[in-house]
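One structure is given here, and the rest of the page talks about it.
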Amino acid sequence: MIAESGHYALVLALALALIQSIVPIIGARWRDAALMNVARSTALAQLLFVAASFAALVTLHVTSDFSVANVYENSHSLKPLLYKITGVWGNHEGSMLLWVSILALFGGLVAAFGNNLPLSLRAHVLAVQGWVASAFYLFILITSNPFLRIANPPLEGRDLNPVLQDIGLAVHPPMLYLGYVGFSISFSFAVAALLEGRIDAAWARWVRPWTLMAWIFLTLGIAMGSYWAYYELGWGGWWFWDPVENASLMPWLAGTALLHSALVMEKRNALKVWTVLLSILTFSLSLLGTFLVRSGVLTSVHAFATDPTRGVFILLILFVFIGGSLSLYAWRAPALKQGGLFAPISREGALVLNNLLLTTACATVFIGTLYPLALEVLTGEKISVGAPFFNFTFAPLFVPLLLAVPFGPLLAWKRGDLLGAAQRLMVAGIAALVAMAVVFAWTYGGATLAPLAIALAVFVIIGALCDLAERIALFRIPLSLSLRRARGLPRATWGTAFAHAGLGVALIGIVCETTWNTEYIGTMKPDDVARVAGYELRLDGLNPRQGPNFREMVAQFTVTRDGERVSAMTPSKRNFTTRGASTTEAALLTRGASQLYISLGDTAADGAIAVRIYHKPLVLMIWWGPVLMAFGGLLSLSDRRLRVGAPKPAKAAARALQAAE
Amino acid sequence: MTLWFVFALMTVAATFAVLWPLSRRGRADTGGSEVVVYRDQLAEIDRDMASGIIGAAEADAARIEISRRLLAAADQSGRETPVQGSLTLRRGAAVVALVGLPVIASGFYLALGSPRLGDFPLAERSKVADANQPLANLVAQVEAHLEKNPTDGRGWTVLAPVLSRLGRYDDAVRAYRNAITYAGETADRRADLGEALMGTAGGVVTADAKSEFERSVALNGDDAKANYFLGLAAEQDGRKADAAALWQKMLAKGPSDAPWRPLVQAALVRVGGSAPGGASAPALPDGAVAAAKDMSEADRGTMIKGMVDRLATRLKTNGDDVEGWLRLVRAYLVMGERDKAMSARADARQAVANDADRLRQLNEGLKNLGLDG
């Protein structure tokens, strides 16, 4: 009964979503409050039903009901409880159900907390949410139904792909989806604005916190996915420019741009039309990411061609929503009211520069990801666009962006003073030069670009701190007064500083890991010693062990440095009988921000085992950076002040002003 | 019946969600408007100034900016048509909710759902191990048990012959090995392991299988299965005299009512030997012996040839299967067709040439077969 009730709840959610897509629009057209209010109650009811459906699927997985095809294919009665639950979204059908559940959650949040929105705007926004939801409910029910049954249920399931039986994968997809789907709110607001033909102040007020929330989740989701790949896939890499990763990076880049342009819109009422476009693009890229990952087009264009139902369906959704919203934009955007004016050298100008660079970076990733696919479809030729392409196109775009980051917050709204900002950044510049000299001297004869990159990172970090110091007038007024000022600073300002500093922190990690990574690859027998970066690793022995649904071979390493015992490390290789698959469990030893990393290879006939040992200096900073960024975002999100950006009263004659758009 | 009742309740709840806002009087509730937002912002500035976050000059500038927007917004909202209610529209929407919603929901559900299937949580199912369960399910249960208790020798002993009979020889080999490890070595188990190994090699007594039979015989010289298969090994190696000698010894020593007698006798006839002490063996009329001989020869010949041909065709289309190639070469060798074996060897090498791993595996296998890699 649980399975069938869950199925029926999903069907009801579809029916409610369909009503939510149509009735409020009619209500808004004829200005009928009751009809417009239908949007709210249906959105809440839809959330209730889809949540019930999701809960039903979780229950089925937990009780190992193998009469449900989805459970049979992806679960196993011996799996630990945690992975029984996370296995729900470890497969295609379940993850799509999670996707729509989160979509319904966001719709429900708008319905529940949207009291201060104009009625017709709320009706439009929820109707657009209803369109997206209906499309995905149909997709799930028709092509990827998680509630299909098996009449003669088998007694044991086929188990979840062992690589996915990991705590990292338990949290990563929900985070990522909260990010992807969170952008649907700004999309719905943008489309609603286009439908209404005007952009409310309320829209400006709403879009920034929602975008920020989605952005925080996406940032954490990407960082988590990267860390998972680093420790679970066993080759010590943390970013592969893989299409799946790019699929999440593109919405992030566009979302970051959107975040900043939403800021301009909220504070200065400018860049409105551009923000609308960015909202549409960001969510379109999220949909594209979903398509790339979920249609199977990535595993092989041919696999996609042999079973095209799913792919074609998502492609259709993609065309309707992206094509539809962009056409609507082309049609209605000229009618929208233009925003305020500002000079090129101003906070707004800096944010426009940020937007230009971010969207260009996003476009290069887009081309690098889709060009090989398009080429394969058209000519059958297989090419791979890998790290070199992205390093050559992405890096040159990010260097000017990072150089500009510290300047932005120091410029005033409407018209800024570049020279003044540069003077205030003097400290950061000096710190960067010192850092460069120190790194250069230390690694004399090594990589030439690395010290420059470190200098850039230091510039970004100190620059972010300079902004704070400037605002609290550090060292210019008594310290106690500065501290009082620091407490009084808006949390958004702290958030900006943290997020920008996070960028620099991540950059330091990336540079150090890629430049000064040392490794040892070879075969070891018990009592052999490997020496890596001043550490001595002794293989004490290999022991087999029985896990709940796997057998593993555990290698015991003793790590010593200068004769002193540091710690023990136990990498292992797991064998999962049901799927006949094996995974490597790398052992990580954290020393400050650096890590030692051991992963096991195959065992040779003479009892020797292949090992890869890496020493990765400051590698953890790669993930501390995004965490810092997300923390900054959280601070900024908690700042619920109403914002209005006013120029400092002009002392000199106002400079020539330019139109915002 | 309960299921339909639950469905009905859910449908009513969903319909209610649509009808509820329609039933309410259209209050003059227009939600927030721009004017409200700007008023909030003005109040905010006063608060900020009071707490000293912004200076007086900045506050003034911001106030002017907001007031400008406020005026524009007030202008705009004055021109908007007021919210009204239309009874016809509401009735229409109510009809959609009352009719459309159940129709859409039941339409989709009846097409996709399986309302007659109840739940099958595993905990309840494993309690009743009914006799009707397919064998595969029982095997899965035992396997699951052994996965958790891999040292249960008795379990492995029970499971192994079943796996062997199901044709899962690779698993059977593992099960027998575990049975020997955890339940102790016996001549029977060694012989059974040898037989399972033969199963993985498509009926050929490989070197591994032969060594298991030899161990079995070392434990118990009279083990019928091991002796028979050792004879078969000799036959497959072309040492028919050795085979005949072995089988003759078996028939001479074994009890007269042993169930394997007819089999061994037939095998003996095949290699051209004669049963010892013709009188003690159940005498078969000449004609019958001849018939058995003819039949088994023909049967065996066609059967093996058919199997080998099938294997050869399969490998032509899918050359990746190293084990398959080795089995084919072995089969040709057993059938005495050395030329074909050599050409199969050449084909195999060609088929896996661009995969170093498989090539190495192939060469090792060929070396074991005596065809030097």
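If you read the sequences in order, they're chains A and B.
Position one of the first sequence corresponds to residue 1 (our numbering), numbered consecutively onward.
Position one of the second sequence corresponds to residue 662 (our numbering), numbered consecutively onward.
Here a beta-carbon is modelled for each residue, glycine too, at the ideal position from N, C-alpha and C.
Since this is a predicted model, take the numbers as computed values, not measurements.
Residues bridged to A:M524 [DSSP beta-bridge criterion]:
Mapped onto the first sequence, residue 524 of chain A falls at position 524. A:I609.
Just to confirm before moving on: does the CB-CB distance between A:T63 and B:P782 stay below 8 Å?
Position 63 of the first sequence, counted from the first residue, corresponds to residue 63 of chain A. Position 121 of the second sequence, counted from the first residue, corresponds to residue 782 of chain B. Yes.
Find the nearest neighbour of A:E73 within the set A:D159, A:R487 and A:F240, judged by alpha-carbon distance.
Locating residue 73 of chain A in the first sequence gives position 73, where the first residue counts as 1. Nearest in C-alpha terms to A:E73, of all of A:D159, A:R487 and A:F240, is A:D159.
Run through the stretch 528 to 583 of chain A for me and flag every whole beta strand (DSSP E) of 3 or more residues, listed as ranges in chain order.
The stretch 528 to 583 of chain A contains these whole beta strand (DSSP E) runs: 529 to 532, 535 to 546, 551 to 561, 564 to 569 and 572 to 576.
Do the CB positions of A:I508 and A:M621 come within less than 8 Å of each other?
As a working note, residue 508 of chain A is residue 508 in the first sequence. As a working note, residue 621 of chain A is residue 621 in the first sequence. Taking 8 Å as the cut-off, the beta carbon of A:I508 is found closer than this to the beta carbon of A:M621.
Using 10 angstroms around the beta-carbon of A:E552, count the other beta-carbons present and answer buried if the total reaches 16, otherwise exposed.
Translated into positions along the first sequence, residue 552 of chain A becomes position 552. It counts as buried.
If the criterion is Cβ atoms closer than 8 Å, does the pair A:W215 and A:T256 meet it?
As a first step, residue 215 of chain A is located in the first sequence; it is residue number 215 there, counting from the start. As a first step, residue 256 of chain A is located in the first sequence; it is residue number 256 there, counting from the start. The beta carbons of A:W215 and A:T256 sit closer together than 8 Å.
Using a C-beta cutoff of 8 Å, does A:S186 count as contacting chain B?
Numbered from 1 along the first sequence, position 186 holds the residue referred to as residue 186 of chain A. So, not an interface residue.
Exposure label - A:R310; buried when at least 16 CB within 10 Å
By one-based count along the first sequence, residue 310 of chain A stands at place 310. Using a 10 angstroms sphere on the CB of A:R310, the tally of other CB atoms reaches 16 or more, which defines it as buried.
Measuring only between beta-carbons, confirm whether B:D981 sits less than 8 Å from chain E.
Of the protein chains in the structure, A and B, none is chain E.
Considering A:T143, what are the terminal residues of the alpha helix (DSSP H) in which it resides?
Here the question's residue 143 of chain A lines up with position 143 in the first sequence. The continuous alpha helix (DSSP H) containing A:T143 extends over residues L119 to T143.
Spatial neighbours of A:R347 within its chain, please: C-beta separation below 7 Å, excluding the five flanking residues on both sides.
The residue you call residue 347 of chain A lines up with position 347 of the first sequence. For A:R347, where only same-chain residues beyond five positions count, the Cβ hits under 7 Å are G408, L411, A412, W413 and G416.
Tell me whether A:Q595 sits in a helix, a strand or coil according to DSSP, three-state version.
Translated into positions along the first sequence, residue 595 of chain A becomes position 595. Strand at A:Q595.
Please name the residue, chosen from A:R574, A:G179, A:L141 and A:M1, that lies closest to B:R777 on a Cα-to-Cα basis.
Counting from one through the second sequence, the residue named residue 777 of chain B turns up at place 116. If we check each option's Cα against that of B:R777, A:M1 comes out closest.
In angstroms, rounded to a whole number, what distance separates the CA positions of A:W235 and A:A604?
In the first sequence, residue 235 of chain A corresponds to position 235, counting from 1. In the first sequence, residue 604 of chain A corresponds to position 604, counting from 1. Cα to Cα, A:W235 sits roughly 19 Å from A:A604.
Looking only at its own chain, which residues have a Cβ that is under 6 Å from the Cβ of A:S67, when we skip the five neighbours before and after it?
Walking along the first sequence from the start, residue 67 of chain A turns up at place 67. Only R149, I150 and P153 meet the Cβ criterion.
Give the DSSP-derived three-state secondary structure of A:Y614 in the structure shown.
What you label residue 614 of chain A is simply residue 614 of the first sequence in a count that begins at 1. In the structure shown, A:Y614 sits in a strand (DSSP, three-state: E or B).
Pull out every residue of the stretch 256 to 284 of chain A whose Cβ sits closer than 8 Å to any Cβ of chain B, in chain order.
Those residues of the stretch 256 to 284 of chain A placed with their C-beta closer than 8 Å to a C-beta in chain B are N269, ordered along the chain.
Exposed or buried, what is B:F677 when buried is set at 16 or more other beta-carbons lying within 10 Å of its beta-carbon?
One-based indexing of the second sequence puts residue 677 of chain B at position 16. That one is exposed.
Only counting the same chain, and skipping five residues up and downstream in sequence, which positions put a Cβ closer than 8 Å to that of B:G816?
Against the second sequence, residue 816 of chain B aligns to sequence position 155. Closer than 8 Å at Cβ, skipping near neighbours: V803, H806, L807 and N810.
Note down the Cα distance separating A:P451 from A:A335, rounded to an integer number of angstroms.
Residue 451 of chain A sits at position 451 when you count from the first residue of the first sequence. Residue 335 of chain A sits at position 335 when you count from the first residue of the first sequence. Approximately 50 Å, taken between the alpha carbons.
Does the stretch 968 to 979 of chain B come within contact of the stretch 843 to 855 of chain B, defined as at least 3 CB pairs closer than 8 Å?
At 8 Å Cβ cutoff, the stretches do not touch.
Hey, is the stretch 891 to 906 of chain B in contact with the stretch 862 to 880 of chain B, meaning 3+ C-beta pairs nearer than 8 Å?
These segments touch.
With a threshold of 8 Å between beta-carbons, can A:N669 be considered close to chain B, or not?
As shown, chain A starts at 1 and ends at 661. That puts residue 669 of chain A outside it, with no answer to give.
Taking three-plus beta-carbon pairs below 8 Å as touching, is the stretch 561 to 573 of chain A in contact with the stretch 590 to 607 of chain A?
Proximity of the stretch 561 to 573 of chain A to the stretch 590 to 607 of chain A meets the contact definition, three or more beta-carbon pairs being nearer than 8 Å.
Rounded C-alpha distance that separates B:T663 from A:T583
Along the second sequence, one-based indexing puts residue 663 of chain B at 2. Along the first sequence, one-based indexing puts residue 583 of chain A at 583. Rounded to whole angstroms, B:T663 to A:T583 spans 45 Å at the Cα level.
With a threshold of 7 Å on Cβ separation, who are the neighbours of B:F769 within its own chain once the five nearest residues in sequence on each side are excluded?
Along the second sequence, read from residue 1 onward, the residue named residue 769 of chain B stands at position 108. So no residue of the chain qualifies.
Give me whichever residues DSSP pairs with A:R149 in a beta bridge.
For this step, residue 149 of chain A is matched to residue 149 along the first sequence. In the DSSP assignment, the residues bridged to A:R149 are A:V68.
Check whether the Cβ atoms of A:L292 and A:A247 lie closer than 8 Å to each other.
Sequence index remark: in the first sequence, residue 292 of chain A carries index 292 (1-based). Sequence index remark: in the first sequence, residue 247 of chain A carries index 247 (1-based). Cβ atoms of A:L292 and A:A247: closer than 8 Å.
Between the CA atoms of B:A675 and A:A45 - distance to the nearest angstrom:
For the purposes of this step, residue 45 of chain A is identified with residue 45 of the first sequence, where counting begins at 1. For the purposes of this step, residue 675 of chain B is identified with residue 14 of the second sequence, where counting begins at 1. The straight-line gap from Cα to Cα measures roughly 7 Å.
What residues in its chain sit with their C-beta under 6 Å from that of B:L820, if we drop five residues either side in the sequence?
In the second sequence, the residue the question calls residue 820 of chain B occupies position 159. Correct list, in chain order: V803 and A836.
Where A:L418 and A:V264 are concerned, what is the direct C-alpha to C-alpha distance, given to the nearest angstrom?
Taking the first sequence and counting its residues from 1, one reaches residue 418 of chain A at position 418. Taking the first sequence and counting its residues from 1, one reaches residue 264 of chain A at position 264. Computed Cα separation, rounded: 19 Å.
What residues from the stretch 129 to 150 of chain A come within 7 Å of chain B, judged by C-beta to C-beta, listed N to C?
Near chain B, meaning a CB-to-CB distance below 7 Å, the residues of the stretch 129 to 150 of chain A are L141, N145 and R149.
Kindly identify the DSSP beta-bridge partner or partners of A:A587.
In the first sequence, the residue the question calls residue 587 of chain A occupies position 587. Residue pairing by DSSP places A:A587 opposite A:I598 in a beta bridge.
Residue from A:L81, A:A135, A:E93 and A:G27 whose Cα sits closest to the Cα of B:L750:
Translated into positions along the second sequence, residue 750 of chain B becomes position 89. It is A:G27 whose Cα lies nearest to the Cα of B:L750.
DSSP bridge partner residues for A:E519 (one or two, in chain order):
Position 519 of the first sequence, counted from the first residue, corresponds to residue 519 of chain A. As computed with DSSP, A:E519 is found in a beta bridge with A:Y614.
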